[in-house]
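Protein chains in written order, with our numbering: chain W, 1 to 115; chain G, 1 to 111. We treat Cβ as the ideally placed atom computed from N, Cα and C, and that holds for glycine. No experiment lies behind these values; they were computed from the predicted model shown. Working notes, beginning with the structure itself.
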């Protein structure tokens, strides 16, 4: 089964620094999503991306966040100036070819620690 | 009122028991309902995906949706210690829309 991959698995950064989290969604799909999960809390939606444009975003996804597709297969989530409260697991998700686009398959996540 | 509510547990059952996990929700616009399993510090794993009201069965798992009551359930038959995890319900207004998650129920299946 094709899988979503994410790098790095763990990122430690200082408050105020920029971080870039990378995702390779399941191939040949135009949809992908970013979610985050603060330790002990629920999974929260950040942004969805369809056909090279943001299609939905949450209140969390403010001007400090941006999402890009730098090439044909990779997607990135950038946090410009990290805050302590950005410490969380960040997951990207995408549908699988041949299945409903509503079925979102998650990657293993990147654990972001802001010191 | 939270949009999606789940009892956080933990729910502890003996191996072989039938497990019932539930979510309630407040937004009647939700049409797509999912159950995910999440092991500690791992990504959510999609178990069941259903549209509108009704039942869906896949192996030991059965998902039920009652839109009139805004209530969804996941049943696990013949539970195994490997089923010990946190179970998350999630829902969406339309296919491809953002998912709104419950807080998860922690399940422990004891050998």
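**Prompt:** When you compare only the Cα positions, how much space is there between residue 101 of chain G and residue 11 of chain W?
**Reply:** As a position in the second chain, residue 101 of chain G is number 101, starting the count at 1. As a position in the first chain, residue 11 of chain W is number 11, starting the count at 1. The alpha-carbon atoms of residue 101 of chain G and residue 11 of chain W are separated by roughly 25 Å.
**Reduced DSSP secondary structure (H/G/I, E/B, other) of residue 97 of chain W** = By 1-based counting over the first chain, the position of residue 97 of chain W is 97. Here residue 97 of chain W sits in coil by DSSP.
**Residue-chain proximity (residue 103 of chain W, chain G), Cβ-Cβ < 8 Å** = Locating residue 103 of chain W in the first chain gives position 103, where the first residue counts as 1. Yes, residue 103 of chain W counts as interfacial toward chain G.
**Prompt:** Enumerated in chain order, which unbroken segments of the beta strand (DSSP E) with a length of 3 residues or greater are wholly contained in the segment 20 to 50 of chain G?
**Reply:** You should have 32 to 38.
**Prompt:** Name the DSSP beta bridge partners of residue 55 of chain G, please?
**Reply:** Looking up residue 55 of chain G in the second chain gives position 55. Paired residues: G:64.
**Item:** Extent of the continuous beta strand (DSSP E) run through residue 61 of chain W
**Value:** Translated into positions along the first chain, residue 61 of chain W becomes position 61. First-last for residue 61 of chain W: undefined, no H or E at that position.
**Item:** Candidates W:114, W:36 and W:7: closest to residue 22 of chain W by CA position
**Value:** Mapped onto the first chain, residue 22 of chain W falls at position 22. It is W:7.
**Prompt:** What do you get for residue 15 of chain W, buried or exposed, if any count of 16 or more other CB atoms within 10 angstroms of its CB means buried?
**Reply:** On the first chain, residue 15 of chain W is found 15 positions in, with the first residue counted as 1. Exposed is the call here.
**Asked** So which residues of chain G does residue 31 of chain W contact, with C-beta pairs closer than 8 Å?
**Response** The residue you call residue 31 of chain W lines up with position 31 of the first chain. Residues of chain G with a Cβ closer than 8 Å to the Cβ of residue 31 of chain W are, in chain order, 96.
**Message:** What does the alpha-carbon distance come out to for the pair residue 37 of chain W and residue 5 of chain G?
**Reply:** Position 37 of the first chain, counted from the first residue, corresponds to residue 37 of chain W. Position 5 of the second chain, counted from the first residue, corresponds to residue 5 of chain G. Cα to Cα, the separation comes out at about 16 Å.
**Asked** Hey, is residue 56 of chain W's beta-carbon within less than 8 Å of any beta-carbon in chain G?
**Response** Counting from one through the first chain, the residue named residue 56 of chain W turns up at place 56. Interface residue, yes.
**Prompt:** Name the chain G residues whose beta carbon is nearer than 9 Å to that of residue 100 of chain W?
**Reply:** Counting from one through the first chain, the residue named residue 100 of chain W turns up at place 100. Going along chain G in sequence order, the residues near residue 100 of chain W (Cβ under 9 Å) are 32, 49, 51, 95 and 96.
**Prompt:** Does the distance from the CB of residue 16 of chain G to the CB of residue 83 of chain G come in under 8 Å?
**Reply:** Along the second chain, read from residue 1 onward, the residue named residue 16 of chain G stands at position 16. Along the second chain, read from residue 1 onward, the residue named residue 83 of chain G stands at position 83. Contact: no.
**Message:** Rounded to the nearest angstrom, what separates residue 64 of chain G and residue 74 of chain G at their Cα positions?
**Reply:** What you label residue 64 of chain G is simply residue 64 of the second chain in a count that begins at 1. What you label residue 74 of chain G is simply residue 74 of the second chain in a count that begins at 1. Taking the straight line from one Cα to the other gives about 6 Å.
**Request:** Can you pull the chain G residues whose beta carbon is under 9 Å from the beta carbon of residue 65 of chain W, in chain order?
**Result:** What you label residue 65 of chain W is simply residue 65 of the first chain in a count that begins at 1. The contacting residues do not exist; residue 65 of chain W stays about 15 Å from chain G at best.
**Prompt:** If you draw a straight line from the C-alpha of residue 41 of chain G to the C-alpha of residue 77 of chain W, how long is it?
**Reply:** Here the question's residue 41 of chain G lines up with position 41 in the second chain. Here the question's residue 77 of chain W lines up with position 77 in the first chain. Taking the straight line joining both Cα atoms gives about 20 Å.
**Item:** Endpoints, the beta strand (DSSP E) within which residue 73 of chain G is located
**Value:** One-based indexing of the second chain puts residue 73 of chain G at position 73. Element bounds for residue 73 of chain G: 71 to 76.
**Asked** Can we say the segment 87 to 99 of chain W touches the segment 17 to 29 of chain G, given the rule of at least three CB pairs closer than 8 Å?
**Response** no
**Request:** Tell me, please, whether the CB atom of residue 111 of chain G is closer than 8 Å to any CB atom in chain W?
**Result:** As a position in the second chain, residue 111 of chain G is number 111, starting the count at 1. No, no contact with chain W.
**Prompt:** How is the beta strand (DSSP E) around residue 20 of chain W delimited, first residue to last?
**Reply:** As a working mapping, residue 20 of chain W is identified with position 20 in the first chain. Taken as a continuous stretch (DSSP letters only), the beta strand (DSSP E) holding residue 20 of chain W covers 19 to 24.
**Item:** C-beta atoms of residue 24 of chain W and residue 35 of chain W nearer than 8 Å
**Value:** Numbered from 1 along the first chain, position 24 holds the residue referred to as residue 24 of chain W. Numbered from 1 along the first chain, position 35 holds the residue referred to as residue 35 of chain W. No.
**Request:** Can you tell me which of the three DSSP states residue 84 of chain W falls into?
**Result:** What you label residue 84 of chain W is simply residue 84 of the first chain in a count that begins at 1. Reduced to three states, the DSSP call for residue 84 of chain W is helix.
**Request:** Decide if residue 37 of chain G is buried, meaning its Cβ has at least 16 other Cβ atoms within 10 Å, or exposed.
**Result:** Position 37 of the second chain, counted from the first residue, corresponds to residue 37 of chain G. Buried, since its Cβ has 16 or more Cβ neighbours within 10 Å.
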